[in-house]
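Asks: So the protein lines, in turn, are chains L and F.
Note that the working numbering gives residue 270 to position 258 of the first sequence, counting from 1, and the numbers run on in steps of one.
Note that the working numbering gives residue 44 to position 32 of the second sequence, counting from 1, and the numbers run on in steps of one.
2 protein chains.
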Amino acid sequence: MSDSLRIAVLDRDSGFLQVLSKRLERLDWEHRVLASAVPTDAVVSMRLSALVVDLAVLGPQAWIWLERLCAALPELGVVVCTGPSTVAQRVRGLRLGADDWITKPCHPEEVIARVQSVVRGRRRSASRAESTPTSAGEVVIRPDRYQAFVGERSIDLTRREFELIELLSAAEGRVLEREEIYSRLWGYTMVRGDRSVDVFVRKLRQKLEKASPAWRYIHTHFGIGYRFAAESLEVVDPSDVPSSIPVEWEPGDERELARAQEQQQLASGAL
Amino acid sequence: MSDSLRIAVLDRDSGFLQVLSKRLERLDWEHRVLASAVPTDAVVSMRLSALVVDLAVLGPQAWIWLERLCAALPELGVVVCTGPSTVAQRVRGLRLGADDWITKPCHPEEVIARVQSVVRGRRRSASRAESTPTSAGEVVIRPDRYQAFVGERSIDLTRREFELIELLSAAEGRVLEREEIYSRLWGYTMVRGDRSVDVFVRKLRQKLEKASPAWRYIHTHFGIGYRFAAESLEVVDPSDVPSSIPVEWEPGDERELARAQEQQQLASGAL
DNA sequence: TGAGCTCGTGAACATCCTGTGACCCCGGAG
DNA sequence: CTCCGGGGTCACAGGATGTTCACGAGCTCA
């Protein structure tokens, strides 16, 4: 989602900066201005999608700096935007790892377009590399596998179920309205009376409970929607649980068990 | 191998073509010259890394042609190299999917450098350690031989089949969506309803299973795509099984078998 | 406490997806 | 020209998944 980017501009030309910043604001891209050479580490920590840089501010260090930066951050889009230059300079810059070279004076719109173009290329290759596992309670959500796990065991979610848990967990702690859930998962607005969200929440709850019975993950907010938050249940007195249960469950029996546990929890005051 | 590229130049400026061709020869890039607009399909079949194009030769069709091409071949690097233009035109071209825009007259060296820069971005994903054998389970994938082996015996994969296993195994553990597999193997975007990926997965599975029956390599993720991971089928001691599982297995029922074994494993140890 | 809405539940139903085998096309070799 | 292997398409069938429905329990408010 979100084609909102994160970029930095390394330049001192106040006119250029002002115009460009205004455009960036309107695009709603996160951006910051740097006034002088910044150590590579610092750039790393900014987690940028792209960097626009005027080599002039770097002085004689420019080439070395550029080379180091590009070597250290091959995923970073680097667009050089600088004054008049020779072919040799441009070729050198591009060979060192710059992704584009724009000659000033230039129109900010073109800068934007070229940055987008550069990032578009990156995105393609990096698309799934950014998938970082999330965890909540006992479950771990792994986008790279389109699946959630408890320990090493897959919960065996379907595509929609996974999308749902991914969405909910991304908003952990916040209540998401049905409408929002629906429109983010289905892509269009929910018609009144549609129960799809509820149904998938139920399926998801079932699977979560089966895989991680001691936790509650999805909480209903009456008249509003759902909230995702891992909450462990009070430990139930073992003597209450008949020892015969854990042995082998027939395909239909988990439900019974789940219900029994629910009753117990209710009784013990967990809610 | 392989900073040797395959590019095409769509232009009519004989001087430009001559100079550029000479440079390309020296770089030992495969290249060809096109004199007029070429249907997208034709470009697809050329299996290019990049295309340099002068929009002037395309006439009024230029924008449509460019848009179609970039949409169909997201992996193709497109560098527009054309005469004087307005900012609006350049922005438009870049937004439509062009990766760079060079204004003539220009130095061929800069064209080369920009093409390289564009391709460098693309390649990142494809730049796995070429020619380094990978192994998974019983199979060894040898890019240098364009073939996979079990022990010393070749699995006898065709070109596409090999490309597929190479792609999948490079992403071992991750789920690859059909669209991604398709676009990386065929080079252009998949049309809905295309079953090519499935068919090649089947062919590959057949050969893998024949060569290495005790392992499963390619796992289906319903509604998403495939995941490559070597998993050995624990061979269950036949004497353990028969009485407890009354069902008779038909000769072709490996799927049943696999499932049953999975169940057993679940039941026997893991919790 | 009761009406009215909301939510959980199970199941039926419709749809979509995938595995599969058969078939067609094409370029190269004989 | 014909044969052949590889690549790609098609239609079918079984299964997995998504969607809808009806019913009952739960929550809120008067």
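We put the CB at the ideal spot given by N, CA and C, even for glycine.
#1: Going straight from the alpha carbon of Q30/L to that of L60/L, what length do you get?
#2: How big is the Cα-Cα spacing for R217/L and I193/L?
#3: Run through the DSSP bridge pairs and tell me what R44/L is partnered with.
#4: Could you give the residue range of the alpha helix (DSSP H) that holds V99/F?
#5: At 3 residues or longer, what runs of the beta strand (DSSP E) sit wholly inside the region 112 to 200 of chain L?
#6: Considering only the beta carbon of each residue, do D111/L and G89/L sit closer than 8 Å?
#7: Go ahead and label S129/F buried or exposed: buried means 16 or more other beta carbons lie within 10 angstroms of its beta carbon, across all protein chains shown.
#8: For R204/F, which of helix, strand or coil comes out of DSSP?
#9: What does the Cβ neighbour count give for E243/L, buried or exposed, with the cut at 16 atoms within 10 Å?
#10: Would W227/F and G149/F qualify as a contact pair, given that the criterion is a beta-carbon distance under 8 Å?
#11: I need the boundaries of the beta strand (DSSP E) containing S224/L, first residue and last residue.
#12: Below 8 Å on the Cβ atoms is my contact criterion, and I expect V127/F with I19/F to pass it. Report the Cβ-Cβ distance as a whole number of Å.
#13: Quick one, which residues of the region 146 to 164 of chain L are near chain F if we go by CB-CB under 7 Å, in chain order?
#14: Where do the ends of the alpha helix (DSSP H) carrying V31/L lie?
#15: Report all residues from its chain with a CB closer than 8 Å to the CB of V7/L; omit the five preceding and five following residues, and keep chain order.
#16: Tell me, please, whether the region 203 to 222 of chain F touches the region 155 to 162 of chain L by the rule of three or more beta-carbon pairs shorter than 8 Å.
#17: Evaluate H43/F with the Cβ neighbour count: other Cβ atoms within 10 Å of its Cβ, from every protein chain shown; 16 or more gives buried, anything less gives exposed.
#18: Using only CA atoms, which one of V92/F, C93/F, A49/F and P86/F lies nearest to Q73/F?
#19: Under three-state DSSP, which class holds R239/F?
#20: If I measure Cβ to Cβ from K215/F and keep anything under 7 Å in the same chain, skipping five residues before and after, which residues do I get?
#21: Is the beta carbon of I114/F less than 8 Å from the beta carbon of V92/F?
#22: Using 8 Å as the threshold, is the C-beta distance between Y229/F and V56/F below it?
#23: Confirm, please, whether the CB-CB distance from G95/L to A62/L is below 8 Å.
#24: In this structure, what does DSSP give as the bridge partners for A62/F?
#25: Output, in chain order, the set of chain L residues within a Cβ distance shorter than 8 Å of R239/F.
#26: Mind checking A100/L: buried by the 16 CB within 10 Å criterion, or exposed?
#27: Ignore the nearest five residues each way along the sequence and tell me which others in L108/L's own chain have a CB closer than 7 Å to its CB.
#28: In whole angstroms, what is the alpha-carbon distance linking Q209/L and V203/L?
#29: Establish whether the CB of T144/L and some CB of chain F are separated by less than 8 Å.
#30: Give me the DSSP bridge partner(s) of S244/L.
#31: Assign D40/F to buried or exposed, taking buried as 16 or more other Cβ atoms, counted over all protein chains shown, within 10 Å of its Cβ.
#32: What are the partner residues of T52/F, as DSSP defines its beta bridges?
#33: Using a cut-off of 8 Å between C-beta atoms, extract the partners of I236/F located in chain L.
#34: For a test of the three-state rule: what should DSSP assign to L220/L, helix, strand or coil?
#35: Tell me whether E184/L is buried or exposed, calling it buried when 16 or more other Cβ atoms sit within 10 Å of its Cβ.
Replies: To lay it out plainly:
#1: Residue mapping note: residue 30/L aligns to position 18 of the first sequence, counting from 1. Residue mapping note: residue 60/L aligns to position 48 of the first sequence, counting from 1. When rounded, the distance between both Cα atoms is 20 Å.
#2: Taking the first sequence and counting its residues from 1, the one referred to as residue 217/L is at position 205. Taking the first sequence and counting its residues from 1, the one referred to as residue 193/L is at position 181. About 16 Å.
#3: As a first step, residue 44/L must be located in the first sequence, where it is residue number 32. Note: R44/L sits in a beta bridge opposite A20/L.
#4: Along the second sequence, one-based indexing puts residue 99/F at 87. Here the alpha helix (DSSP H) through V99/F covers V99 to L108.
#5: 112 to 115, 146 to 148, 151 to 154, 159 to 162 and 187 to 189
#6: For the purposes of this step, residue 111/L is taken as residue 99 along the first sequence, with counting starting at 1. For the purposes of this step, residue 89/L is taken as residue 77 along the first sequence, with counting starting at 1. In this structure, G89/L lies closer than 8 Å to D111/L by Cβ.
#7: For the purposes of this step, residue 129/F is identified with residue 117 of the second sequence, where counting begins at 1. Its Cβ being crowded by 16 or more others within 10 Å, S129/F is buried.
#8: Residue mapping note: residue 204/F aligns to position 192 of the second sequence, counting from 1. If DSSP states are grouped into helix, strand and coil, R204/F belongs with coil.
#9: The residue you call residue 243/L lines up with position 231 of the first sequence. Exposed is the call here.
#10: Here residue 227/F is taken as the residue at index 215 of the second sequence, counted from 1. Here residue 149/F is taken as the residue at index 137 of the second sequence, counted from 1. Yes, these two residues count as a Cβ contact at 8 Å.
#11: One-based indexing of the first sequence puts residue 224/L at position 212. No beta strand (DSSP E) contains S224/L, which DSSP labels as neither H nor E.
#12: The residue labelled residue 127/F in the question sits at position 115 within the second sequence. The residue labelled residue 19/F in the question sits at position 7 within the second sequence. Contact holds; Cβ gap of about 6 Å.
#13: D156, R157 and Y158
#14: Mapped onto the first sequence, residue 31/L falls at position 19. Per DSSP, V31/L belongs to the alpha helix (DSSP H) from S26 to L39.
#15: Within the shown structure, residues of chain L are numbered from 13 to 283, placing residue 7/L beyond reach of any answer.
#16: no
#17: Locating residue 43/F in the second sequence gives position 31, where the first residue counts as 1. The residue is buried, with at least 16 neighbouring Cβ atoms inside 10 Å.
#18: In the second sequence, counting from the first residue as 1, residue 73/F sits at position 61. For Q73/F, the nearest C-alpha among the options comes from A49/F.
#19: Numbered from 1 along the second sequence, position 227 holds the residue referred to as residue 239/F. R239/F falls in the strand class under three-state DSSP.
#20: Here residue 215/F refers to the residue found at position 203 when the second sequence is read from its first residue. Around K215/F: E173.
#21: Counting from 1 along the second sequence, the entry for residue 114/F is found at position 102. Counting from 1 along the second sequence, the entry for residue 92/F is found at position 80. Yes, Cβ-Cβ distance for I114/F and V92/F is below 8 Å.
#22: Residue 229/F sits at position 217 when you count from the first residue of the second sequence. Residue 56/F sits at position 44 when you count from the first residue of the second sequence. Cβ atoms of Y229/F and V56/F: not closer than 8 Å.
#23: The residue you call residue 62/L lines up with position 50 of the first sequence. The residue you call residue 95/L lines up with position 83 of the first sequence. Going by C-beta atoms, A62/L is not nearer than 8 Å to G95/L.
#24: Mapped onto the second sequence, residue 62/F falls at position 50. DSSP output for A62/F lists I19/F and G89/F as bridge partner(s).
#25: As a position in the second sequence, residue 239/F is number 227, starting the count at 1. Within 8 Å Cβ-Cβ: R157.
#26: Residue 100/L sits at position 88 when you count from the first residue of the first sequence. Exposed, since its Cβ has fewer than 16 Cβ neighbours within 10 Å.
#27: In the first sequence, counting from the first residue as 1, residue 108/L sits at position 96. Within the same chain, L108/L has close Cβ partners W75, L78, E79 and C82.
#28: Working through the first sequence from its first residue, we reach residue 209/L at position 197. Working through the first sequence from its first residue, we reach residue 203/L at position 191. Checking the sequence shown, residue 209/L turns out to be Val, not Gln. Taking the straight line from one Cα to the other gives about 12 Å.
#29: Counting from 1 along the first sequence, the entry for residue 144/L is found at position 132. False, the Cβ-Cβ gap to chain F never drops below 8 Å.
#30: In the first sequence, counting from the first residue as 1, residue 244/L sits at position 232. Beta-bridge pairing links S244/L to W227/L.
#31: Counting from one through the second sequence, the residue named residue 40/F turns up at place 28. D40/F comes out exposed.
#32: Here residue 52/F refers to the residue found at position 40 of the second sequence. According to DSSP, T52/F bridges with nothing at all.
#33: Your numbering for residue 236/F matches position 224 in the second sequence. Result: Y158 and R171.
#34: Numbered from 1 along the first sequence, position 208 holds the residue referred to as residue 220/L. If DSSP states are grouped into helix, strand and coil, L220/L belongs with the helices.
#35: In the first sequence, the residue the question calls residue 184/L occupies position 172. Its Cβ having fewer than 16 others within 10 Å, E184/L is exposed.
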